[in-house]
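Visitor: Structure provided below as structure tokens; questions to follow.
Number of protein chains: 2
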Amino acid sequence: MGLMLERIHLTVVQAVEQHGSLTAAAKQLCVTQSALSHTMRKLEDHLGTPIWLREGRSLRLTQAGQYLLNLANRVLPQLNYAESKLHQMAKGERGTLRIGMECHPCYQWLLKVVSPFLEAWPDVDVDVKQKFQFGGVGALLSYDIDLLVTPDPFYKTGLCFDAVFDYEQVLVVPNNHTMATREYIEAEDLRDQVLLTYPVTPDRLDIYTQFLNPAGVVPKRHKTSETTDIMLQMVASGRGVAALPRWLAEEYCTKLPLALLRLGQGGVDKQIYLGTRENDNNVEYLRAFIELARSY
Amino acid sequence: MGLMLERIHLTVVQAVEQHGSLTAAAKQLCVTQSALSHTMRKLEDHLGTPIWLREGRSLRLTQAGQYLLNLANRVLPQLNYAESKLHQMAKGERGTLRIGMECHPCYQWLLKVVSPFLEAWPDVDVDVKQKFQFGGVGALLSYDIDLLVTPDPFYKTGLCFDAVFDYEQVLVVPNNHTMATREYIEAEDLRDQVLLTYPVTPDRLDIYTQFLNPAGVVPKRHKTSETTDIMLQMVASGRGVAALPRWLAEEYCTKLPLALLRLGQGGVDKQIYLGTRENDNNVEYLRAFIELARSY
DNA sequence: ACGTATCAATTAATTTTACTCATGGGTCTT
DNA sequence: AAGACCCATGAGTAAAATTAATTGATACGT
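Sequence order for the protein chains is A and B. Using the numbering used here, read the first sequence as starting at 1 and increasing by one per residue. Using the numbering used here, read the second sequence as starting at 1001 and increasing by one per residue.
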């Protein structure tokens, strides 16, 4: 009645993949190559299938091995994090608030909330992540993050979303642009414009989903930029137009020759949501963060 | 450099919670109580925090212990499933296709696809699950299922959704109902009707999201029923009306005195989607299932 | 209130396991 | 063809896990 698939096995598969050989993995793990060879051999016997094909002096993962590697990449981070979190709990520390960002421009806003939070909770660290294998919701569900900042809430059992921030999405144009003096623009007006956005898929860009798509309009060209600074430099120099939160764009208006226009007569209104797991409802510092965010 | 949090620890925490005592857990795991006491004691020393409060002769989880239990409930199923899947792979079996259902009436449709699939892939088993802690998407992301049947796709990085089935959602009324002879109804017509649905939240019922809510209509009463049979028995006996897929309702029309009405002049059209992980794109039998489903 | 049953912790003895060392057989490089 | 590199194997040993036996504490029944 032997359980057999252990943490060490996943660790080895992962380390071998990372370092290229059993020997290198062994050095990394501070044991001999022989130890790992024995250990993995036992697992292979137990499973009844090899994990690697021994080709000359190198190892290539079998299908079973690839499955193990995939498992390792999913499970090991959880174990590692849990262990460190338990250590933190033991020392009486509050732990780390892991924040995931699904919203490029929110970063600036987040910084303004994080800083008073760190003061109010000196024993809680903050960690911000931006890339997720399965999107922000996936990261929340698989405990890779504890809090998700997103303009795009997704109500599912086990998750809570709180709206914490209202803002208006506006179009940013150079202030010598032909449209610069208008109060608002229509979707049609963008048909012959170059649109600058962050590099994410159009279905996650509000300017498309809420403004252009309903009107069936596609801009002349679509360019992307990772950073707001560069993006607005491009706008100022007449390379295109961009859609950003008003509060963010306004900060740049003092530095760059820009004008802000409403999107449609009524404007496009947005909210930022904070997503959490229901399980974490009673985590004090998490609730506190949301309260703090709401009060801004 | 001692790694320490092992599978056995999670197993013990889970087993103690399940069986109420260390002794019972030990029996379950085919070891002595002493062994578990030692093992867990070592972990507590390593972490620096107790896992249980010893109250008289019983154990109560500390906060750290609860965290461990939560971790165990998330991680152990993955390890257990992985181990059995690897054993299957070793024996040359294809494995199990775990299907999650987020759509009550789809069950009937699914059965029609599963049966030819089982014939075409004799070495693949099928398992159908209906309850998910974090919704269908969560189950997909955390590898609790491999395929999600849903009317409500959710595009996220790492997931694919394929539309496999178009159908019309219709209103089912008894055939002696005052509206029974009409071709279609308006939302207003439901204001004084009793509505029968499956027991899920209204935001996941198309009749609300696509028909009633836009018109701001609330039915006189809302009753729920777990099964289609009972629901339509109720409809036939004049206790209310129900919204169901046309193909499903039509099957009952031969047995029960029912009439089907379009929802609104244009009718409400729906699709069933099959959700998978991008990672599984190359799993033959999964692709085959989707193809098979599409061809119906 | 007393005896009995149950449960967890502890100690010491024992078994099992994991690891290292030493070695051999491959393969690739130059 | 030599040297470097890599993995597998077998035997011995150190370490760890497990057991058996016992204790102390608590609940329960009569």
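For each residue, glycine too, the CB sits at the ideal point set by N, CA and C.
Could you tell me whether the region 269 to 288 of chain A touches the region 1035 to 1042 of chain B, where touching means 3 or more Cβ pairs closer than 8 Å?
Guide: no
Visitor: Just how far apart, CA to CA, sit A:L141 and A:V126?
Guide: C-alpha separation (whole angstroms): 19 Å.
Visitor: Starting from A:S58 and walking both ways along the beta strand (DSSP E), at which residues does that stretch end?
Guide: S58 to L61
Visitor: What does the alpha-carbon distance come out to for the pair B:A1293 and A:D269?
Guide: In this model, B:A1293 and A:D269 are separated by some 40 Å (Cα to Cα).
Visitor: Run through chain A and tell me which residues come within less than 8 Å of B:F1134, C-beta to C-beta.
Guide: L141, K156, T157, G158 and L159
Visitor: With DSSP as the reference, identify every bridge partner of B:C1160, one or two as the case may be.
Guide: B:T1276
Visitor: Please give the ranges of any alpha helix (DSSP H) in the region 1187 to 1257 of chain B, keeping only runs that are unbroken, at least 4 residues long and fully inside the region.
Guide: 1228 to 1236 and 1246 to 1253
Visitor: What residue from A:R277, A:A64 and A:G20 has the CA that sits closest to A:V149's CA?
Guide: The option with the nearest alpha carbon to A:V149 is A:R277.
Visitor: DSSP on B:D1045, reduced to helix/strand/coil?
Guide: Three-state result, B:D1045: helix.
Visitor: Counting only beta-carbon separations shorter than 9 Å, does A:T49 have a partner in chain B?
Guide: Yes, contact with chain B.
Visitor: In the DSSP assignment, find the unbroken alpha helix (DSSP H) run with A:K129 in it and report its ends.
Guide: Premise fails: A:K129 lies in the beta strand (DSSP E), V124 to K129, not in any alpha helix (DSSP H).
Visitor: Between A:L97 and A:D123, what straight-line distance do the alpha-carbon atoms span, to the nearest angstrom?
Guide: 11 Å
Visitor: Just the Cα atoms here: how many angstroms apart are A:L261 and A:I230?
Guide: The C-alpha of A:I230 is placed about 20 Å away from the C-alpha of A:L261.
Visitor: In this structure, how does DSSP classify A:F117 when only helix, strand and coil are distinguished?
Guide: Here A:F117 sits in helix by DSSP.
Visitor: What residues from chain B crowd round A:E6, counting only those whose CB sits closer than 7 Å?
Guide: E1006 and R1007
Visitor: By the three-class DSSP mapping on this structure, what secondary structure does B:T1181 have?
Guide: Coil, per DSSP.
Visitor: Could you check the C-alpha separation between B:V1172 and B:L1258 for me, to the nearest Å?
Guide: C-alpha separation (whole angstroms): 7 Å.
Visitor: Report the residue from A:N175, A:A215 and A:Q210 whose alpha carbon sits nearest the alpha carbon of A:E188.
Guide: Nearest of A:N175, A:A215 and A:Q210 to A:E188, Cα basis: A:A215.
Visitor: Using a cut-off of 7 Å between C-beta atoms, extract the partners of A:Q63 located in chain B.
Guide: M1089
Visitor: Looking only at its own chain, which residues have a Cβ that is under 7 Å from the Cβ of A:I8, when we skip the five neighbours before and after it?
Guide: T39
Visitor: Suppose the cutoff is 6 Å on Cβ atoms and the five residues either side in sequence are ignored; what does the same chain contact list for B:K1085 look like?
Guide: G1095
Visitor: Please confirm whether A:Y252 has its beta-carbon closer than 9 Å to some beta-carbon of chain B.
Guide: Output row for A:Y252: interface = no.
Visitor: Taking B:P1219 as the reference, which of B:V1194, B:F1161 and B:M1234 has the closest Cα?
Guide: B:V1194
Visitor: Once DSSP output is grouped into helix, strand and coil, what is the label at A:E6?
Guide: coil
Visitor: List, in chain order, every chain B residue whose beta-carbon is nearer than 8 Å to that of A:Q78.
Guide: L1071, R1074 and V1075
Visitor: What residue from A:R246, A:T197, A:E83 and A:P245 has the CA that sits closest to A:S225's CA?
Guide: A:T197
Visitor: Considering only DSSP beta bridges, list what A:V170 is partnered with.
Guide: A:L244 and A:R262
Visitor: By a C-beta neighbour count over all protein chains shown, 10 Å radius and 16 as the cutoff for buried, is A:P199 buried or exposed?
Guide: exposed
Visitor: Can you give the Cα-Cα distance for B:A1296 and B:G1267, rounded to whole angstroms?
Guide: In the sequence as presented, Ala is not what sits at residue 1296 of chain B; that position holds Tyr. Straight-line Cα distance between these residues: approximately 22 Å.
Visitor: By DSSP, does A:L147 sit in helix, in strand, or in coil?
Guide: strand
Visitor: Taking C-alpha atoms, which residue in B:Q1014, B:D1280, B:G1020 and B:K1223 lies nearest to B:L1159?
Guide: B:D1280
Visitor: Please identify the residue among A:V114, A:E168, A:T201 and A:T178 whose C-alpha is closest to the C-alpha of A:Q265.
Guide: It is A:E168.
Visitor: B:L1071 to B:Q1088, Cα distance in whole Å?
Guide: 26 Å
Visitor: Relative to the C-alpha of B:Q1271, which candidate in B:E1251, B:L1244, B:L1059 and B:T1254 has its C-alpha closest?
Guide: B:L1244
Visitor: Can you check DSSP and say which residues form a bridge with B:K1270?
Guide: B:Y1167
Visitor: Just the Cα atoms here: how many angstroms apart are A:W247 and A:C106?
Guide: 10 Å
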